[in-house]
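Each residue of the sequence shown is one higher than the one before, counting from 26 in my numbering.
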Amino acid sequence: MKKDGDEAASLKKRIRELEEENQSLNKIIQTAPIPIFVLDRDHRITHFNRALEELSGFSSREMIGTDTQWKAFYAKKRPVMADLILNRSSDDEILAHYGLKYNKSMAGKGLFAATDFFPDLGPEGRWLYFTAAAVTNSRGEIAGAVETLQDVTEEKIKEKQVTELYRIYRQILEFVPYPIVVYDDHGLVSYVNPAFSKTFGWALDELSGKPLPFVPEDLMQETYDMLNRFRENRKLTRYETRRLTKEGGILDVVIWAVSHSGDKESSAQNFVILRDITEEKRLQANNRTIMRISAALPEYPELEDLMDYITREVKELVTAEGAVVLLHDEIKGDLFFLGASYDDAGTEKRARKIRFAPDEVLAGKVLKTGEPAMVNNADATLKVYPERDRKLGYETRSILCVPIKSDSRIIGVLCAINKKLSLFNDKDRELMTMIAGTVAISIENAWFSDALKDAYRDVASMNRAKGKAINHLSHELKTPVAVLTGSLQILRKKISALPGAALESTLNRIERNLGRIVEIQEETSDIMENKGYSARAMLVKMLETCQDELETLIEHHLVSACHDPKAANPAPGLPLDQVLDRIRKIIDQEFGPRAMTYKNIDFKKTLDELLEIMGREFHFRNLEIRIHTDAPLPELVFPKDVLKKIMAGLIKNSVENTPDLGRIEIRAENRKNGILFRIHDFGVGIEEEDQKRIFEGFFSTQETLFYSTKTPYEFNAGGKGMELLRMKLFSERLGFTLNMESKRCIYLMENPDEECPGDISRCRFCKSQKDCLDSGHSIFSVFFPMEDSGERKG
């Protein structure tokens, strides 16, 4: 019995202790500063503390024991969060009541929380942050639910005010036209405005929480130093530098910055304002460049030197590896470098010696269209212009070309090659177009200056040519006249011994005309010595010459007719048309008939036949003749006799101007619209001033003192200068093109008093054949355009 009494006493004691704990817990709940209520598993209120009474306006006596907990918060019945927990509601059901205000992440911790506005609490409503959790028994079953609430109205009002202020500030920042970026002390970006995104290319979502990668590699150390000063001073005023864009471009910028820290614990926020001054600096640099180039024009009287200076300026201004000026050679139809500047000296040296066909480079397209061209991936054009880098020995990665315009013509192209650090852009194109205008003016001025110089040189050259031609004619006349005079005296003696020979008048006429030639030779000497002579006397001599020529023709035909037993009419006298026909034949023999017969000609066969015949004539010359003809060559529709005269004249000219042991290259090439016939002799060449008059006739390129009449095909055999004049006349009549280029032997140019010995083995300047081949040359080119096949009369 005593044992049962002890257990009862112990139980009573335990009950009393539990009641005391419950009272203590109830007291804690009742006096807790935050509103709390508790529901049992039947959704009835078991606890409703004083803080909740103050918040809701309902007393605990009214609420405890009821299931009307909704009245404390809502005007209409609906479950509170504690009800949803007791009902074991899913997240979706809770979301249906609280929407995005429900903090779903807390549910995993056994705590359900949300923030919501309760318009029925008080006259203006209240913002409450409330949490709810299940109350379980010893078996882990839900025995009830507790919900706590916290009035966060003031915080929400402050948050709203801060949010509104932030919205206003953000609108201001987004309205500011200058780029703005905000980052913390670790360099992590928290904000960039639209102006920043527009200028530099990065959007906020690309940079948020990340460092800003817009410092160029070469400015890293300078930037670190600047940031250290900024951390000490907490501000930065007008710092000028360069920054990268998202696309890899480089901008010149001015930076202002200030650091702000809300409290000691929070990380500082650094506000940075940037201003893009790239355009300003570009315009300033452009103006300085144009002014500098304009001021430098008088310092470069030679056009090539001026173009080299301009290309150096362009190269530096657009930060490229190279810049060039290409001019169009309207005669040869190709492009050549008038000025070039490269970082690589070897490329610069090679460029000055290279010519490009218009279809080999992008500049040719610009020349044709008159529009600028910009390529930032030159590999894409490599298939179109494969010869470009091969000839230059240089890798082109990017290129910008603008036309050089003179009046309505495109005379050349200004190019920049391989932009450094970035890509060519419209601003570079704008700048180069501006400079191209200055280049065009400079080239025009140089051309005008050169034209005046050339005119002066032409006048001087014409005077020298006149003297040389007169000397040449005088020299040519003197020897044959002396021979003829002596021969005439011998003939007169022999004829006087013949009985019945009535030729005295004929011999007198011959003697008289020979005397006239002697007088011409003497007058030539007088002209060279500036002696005067009568114009009337010259006219009289011309009339006498015409009279004697007619008498000779008539007498010749009279004698022939009287002594020709087969003549149909042996009576004296011939019709006038026969006399005139004789005169025409003499003219046609030299310059071709006015009506020519065109035939289909096998060009290679004709050339081979002619070379075989001529080869026998100059067999005594020790020359290396190289012949190349394309196979097949098209048939040429052309007067055959004229073609042979042209070929023979050029071959003879080359043989006579090439010393023994020298070389002559003869080529016949198939071109798109015809045949190109080229004779390249590695002879003494022609002086530059003589090249202008080479096709004018009666003009010798040889010095009179060195000239002597020789056997045809001998070295320096010379001639009367008629062959090239005749070819020129043929070209004008028949529509083919005749060109010549030549380089005078460098040894003869350096030693003007020397004469080529006519044999390489006897030349004191040449140690080998190659020395002579490299010293000088002449190239005569004839282009025969194709005509429709079939014979025709011209």
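Backbone N, C-alpha and C define an ideal beta-carbon position, used for all residues, glycine too.
Checklist entry - If you drop the 5 nearest sequence neighbours on each side, which residues of the same chain put their C-beta closer than 8 Å to that of GLU775? => result none
Next on the checklist: Less than 6 Å between C-beta atoms, sequence neighbours within five positions excluded: which residues of the same chain meet that for PHE790?
Outcome noted: Around PHE790: TYR772.
Checklist entry - Short check: CB of LEU425 to CB of MET457, under 8 Å? => result yes
Checklist entry - How is the beta strand (DSSP E) around ARG192 delimited, first residue to last? => result Taken as a continuous stretch (DSSP letters only), ARG192 belongs to no beta strand (DSSP E), being part of the alpha helix (DSSP H) at 178 to 200.
Next on the checklist: Assess contact between the region 302 to 310 and the region 409 to 426, defined as three or more Cβ pairs (one per stretch) separated by less than 8 Å. Is contact present?
Outcome noted: no
Checklist entry - Of the choices THR631, LEU668, THR406, GLU634, whose alpha-carbon is the least far from that of THR622? => result LEU668
Checklist entry - Grouping DSSP H, G and I as helix and E and B as strand, with all else coil, what is LEU632? => result helix
Item to check | Sequence ranges, beta strand (DSSP E) only - wholly within the region 394 to 473, length at least 3 | outcome: 398 to 400, 424 to 431, 434 to 444
Next on the checklist: Quick check: the Cα distance between GLN175 and ARG192, rounded to an integer number of angstroms?
Outcome noted: Looking at the two C-alpha atoms, the distance is approximately 27 Å.
Item to check | CA-to-CA distance, LEU331 to GLU324, given in whole angstroms | outcome: 8 Å
Checklist entry - Using DSSP with H/G/I as helix, E/B as strand and the rest coil, what is VAL343? => result coil
Checklist entry - What residue from PHE761, PRO383, ALA170 has the CA that sits closest to ALA159's CA? => result ALA170
Next on the checklist: If the criterion is Cβ atoms closer than 8 Å, does the pair PHE808 and LEU701 meet it?
Outcome noted: yes
Checklist entry - Roughly how far, in whole angstroms, is the beta-carbon of PHE62 from the beta-carbon of GLU172, given that I think they are within contact range, below 8 Å? => result 6 Å
Item to check | Nearest candidate by alpha-carbon position, reference LYS717, set LEU749, GLU690, PRO737, LYS393 | outcome: LEU749
Item to check | Cβ pair count under 8 Å reaching 3, the region 787 to 801 against the region 757 to 773 | outcome: With the cut-off at 8 Å, the region 787 to 801 and the region 757 to 773 touch.
Checklist entry - Just the Cα atoms here: how many angstroms apart are GLY371 and VAL350? => result 17 Å
Checklist entry - Can you give the Cα-Cα distance for GLY783 and SER803, rounded to whole angstroms? => result 16 Å
Checklist entry - Contact check, PRO397 vs ARG434 under 8 Å by CB: the rounded distance? => result Incorrect: roughly 16 Å between the Cβ atoms, too far for contact.
Next on the checklist: Once DSSP output is grouped into helix, strand and coil, what is the label at TRP281?
Outcome noted: TRP281: strand per DSSP, three-state reduction.
Checklist entry - Among LEU363, PRO383, LEU387, GLU637, which one has its Cα closest to the Cα of ALA376? => result If we check each option's Cα against that of ALA376, LEU363 comes out closest.
Next on the checklist: For TYR410 and GLU373, which I take to be in contact (beta-carbon distance under 8 Å), what is that distance rounded to the nearest angstrom?
Outcome noted: Rounded, the Cβ-Cβ distance is 20 Å, inconsistent with contact.
Next on the checklist: Judging by CA-CA distance, which residue of GLU79, GLU180, GLU32, ASP108 is the nearest neighbour of ASP92?
Outcome noted: ASP108
Next on the checklist: Is the beta carbon of SER431 closer than 8 Å to that of ILE468?
Outcome noted: yes
Item to check | Whole-Å CB distance - ASP301 paired with LEU269, under 8 Å assumed | outcome: Incorrect: roughly 13 Å between the Cβ atoms, too far for contact.
Checklist entry - Out of curiosity, what's the CA-to-CA distance linking GLU189 and ARG195? => result 10 Å
Checklist entry - According to the neighbour-count rule (16 or more other Cβ atoms, all chains shown, within 10 Å of its Cβ), is PHE142 buried or exposed? => result Exposed.
Next on the checklist: On the DSSP bridge list, what partners appear for VAL214?
Outcome noted: Looking at the DSSP assignment, VAL214 forms a beta bridge with TYR208, SER233.
Checklist entry - Applying the criterion that 16 or more other CB atoms from any shown protein chain within 10 Å of the CB defines a buried residue, is VAL343 buried or exposed? => result buried
Checklist entry - For the region 621 to 678, which segments carrying the alpha helix (DSSP H) assignment without a break, of at least 4 residues, lie completely within its bounds, in sequence order? => result 628 to 642
Next on the checklist: In whole angstroms, give me the CA-to-CA distance for LEU448 and SER767.
Outcome noted: Straight-line Cα distance between these residues: approximately 44 Å.
Checklist entry - Does any C-beta atom of chain B lie closer than 8 Å to the C-beta of ALA157? => result Structure shown: chain B not included; a single protein chain is present.
Next on the checklist: On a Cα-Cα basis, can you pick out the residue from LEU198, VAL217, THR248, GLU247 that is closest to LYS235?
Outcome noted: VAL217
Item to check | Neighbourhood of LYS260 by C-beta distance below 8 Å, restricted to the same chain and skipping five residues each side | outcome: ALA282, VAL283, SER284
Next on the checklist: Within the continuous beta strand (DSSP E) that includes LYS768, where are the two ends?
Outcome noted: 762 to 768
Item to check | Counted within 10 angstroms of its Cβ, other Cβ atoms place HIS72 as buried (16 or more) or exposed | outcome: buried
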